[in-house]
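Visitor:
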Amino acid sequence: MAFRNLIQALPNLDIKENWPLAPLCTLRTGGEAEFFVAPDSIESIKNLYALALKENYPLYILGGGSNVLFPDGLVKGIFISTLNLNSLEWRTNLTADVDAGFKLSTLLKEIRERGLAGLEFAAGIPGTLGGALSGNAGAGDHGVCELVDYVICLLPDGEIRTLNHDEISYGYRRSSLAEGKKIILSARMTFRQATPKDKDVLENFLLRRGSQPHGLHNAGCTFKNPPGNFSAGKLLDDSGCKNLCVGDAVVSDVHANFILNRGHAASADVLKLIELCAERVYERTGIKLEPEIKIFRKES
0 MAFRNLIQAL PNLDIKENWP LAPLCTLRTG GEAEFFVAPD SIESIKNLYA LALKENYPLY
60 ILGGGSNVLF PDGLVKGIFI STLNLNSLEW RTNLTADVDA GFKLSTLLKE IRERGLAGLE
120 FAAGIPGTLG GALSGNAGAG DHGVCELVDY VICLLPDGEI RTLNHDEISY GYRRSSLAEG
180 KKIILSARMT FRQATPKDKD VLENFLLRRG SQPHGLHNAG CTFKNPPGNF SAGKLLDDSG
240 CKNLCVGDAV VSDVHANFIL NRGHAASADV LKLIELCAER VYERTGIKLE PEIKIFRKES
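Residue numbers (numbering that gives the first Met the number 0): 0 to 299.
1) Just to confirm before moving on: does the CB-CB distance between P38 and I77 stay below 8 Å?
2) Is P57 close to chain D, meaning its C-beta is less than 8 Å from at least one C-beta of that chain?
3) Are three or more beta carbon pairs between the region 152-160 and the region 128-135 nearer than 8 Å?
4) Starting from the C-beta of E112, find all residues in its chain whose C-beta is less than 8 Å away, skip the five residues before and the five after it, and write them out in chain order.
5) How about the region 214-223 and the region 259-278: do they share at least three Cβ pairs that are nearer than 8 Å?
6) Excluding five sequence neighbours on each side, which residues of the same chain lie with their C-beta closer than 8 Å to the C-beta of W18?
7) Measuring alpha carbon to alpha carbon, tell me which of F69, I14, I6 and P10 ends up nearest R296.
8) What whole-angstrom Cβ distance do L132 and S174 have, given they're in contact under 8 Å?
9) By the DSSP assignment, the alpha helix (DSSP H) with K53 in it spans what residues?
10) Under the assumption that F190 contacts L82 (Cβ atoms under 8 Å), give the Cβ distance between them as a whole number of angstroms.
11) Which first and last residues belong to the alpha helix (DSSP H) in which G129 is found?
12) Roughly how many angstroms lie between the CA atoms of K108 and F2, to the nearest whole one?
13) Take the Cβ of P290 as the centre, count every other Cβ of all protein chains shown within 10 Å, and call the residue buried at 16 or more, exposed below.
14) Taking 8 Å as the cut-off, does the region 88-102 touch the region 223-241 (at least 3 CB pairs, one atom from each stretch)?
15) Helix, strand or coil: which one does DSSP assign to C276?
16) Contact between the region 279-286 and the region 9-16 is defined here as three or more beta-carbon pairs at a separation below 8 Å; is this criterion met?
17) Use the C-beta contact count for G232: other C-beta atoms within 10 angstroms, 16 or more gives buried, fewer gives exposed.
18) Looking at C-alpha atoms only, which residue of I41, I124, D71 and L50 is the closest neighbour of V269?
19) Tell me which same chain residues have a C-beta within less than 7 Å of the C-beta of A193, skipping the five on either side of it?
20) I believe G134 touches R172 by the beta-carbon criterion, under 8 Å. Please report the beta-carbon distance rounded to the nearest angstrom.
21) Is the Cβ-Cβ distance between D148 and R187 less than 8 Å?
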């Protein structure tokens, strides 16, 4: 039986075919998803994952699309959005269960309204909790993984497993939650009572975000800061990368670690520009920059 018939036969799912990817990411590039679905239950995600594994079919998990680069053209596979898994439930005054599709900006607003703190470093960071946990999103020396008591994941064997904080390895823009084809479903997070100092910390992070480019579509920072207290933005700037362009993709003249879409950039343009910038930095400094943007690759 054709895969199309198999996926369309799954219960309680609105399967979209040849769905445009560009509106699903902040960079606004990419082709079409062969199949796209935004399930509103864990059971539906389990069914989709089980089918994809059984049929050896490509499967991609999407959050808010704030730090991703999709391929051009028709992309074979199932794209699963977690945006409909977006509940938050407070368990104590300090502790909440948060779904993977819950927006990070909304979570920060929620805890501030409750007089809590701990997530100030996430000010201005778009996207969802699941994506933030996968890449340990944050700023400076802080990342979102430090706030979790545990994370609930769906494993390839169909088991739903709770990973306690000490079972999760994480560091600068990385997390073991992104390994082993896990699907992040939710997390229990604990915050703390806010102090007057937390307001100043929040404002400082907002000021830092304010110095970043605005007005054109982008995917956030292109490269991670390399080890050794280097700034990727400064390395790119010193290597003459500002204003470099490929097609309608251009390196910002405000912050060299941002690639902007001037209107009609293809993902291939962005990818070529990423490679060109990395080459310039390596030729000048010998430092290999690692992309912070998650680059989706087509699977056969």
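Think of the CB as a built atom: it goes at the ideal place given N, C-alpha and C, for glycine as much as any other residue.
Guide: Once the coordinates are examined:
1) no
2) Here chain D cannot be found, since the structure has a single protein chain.
3) no
4) none
5) Enough Cβ pairs lie closer than 8 Å, so yes.
6) Around W18: E31, A32, F34, F35 and F78.
7) Measuring C-alpha to C-alpha distances from R296 to each of F69, I14, I6 and P10 identifies F69 as the nearest.
8) 6 Å
9) I41 to K53
10) Actually they are not in contact, since the Cβ atoms of F190 and L82 sit about 23 Å apart, beyond 8 Å.
11) L128 to S133
12) 42 Å
13) buried
14) no
15) Here C276 sits in helix by DSSP.
16) no
17) buried
18) D71
19) G114, L115 and A116
20) 6 Å
21) yes
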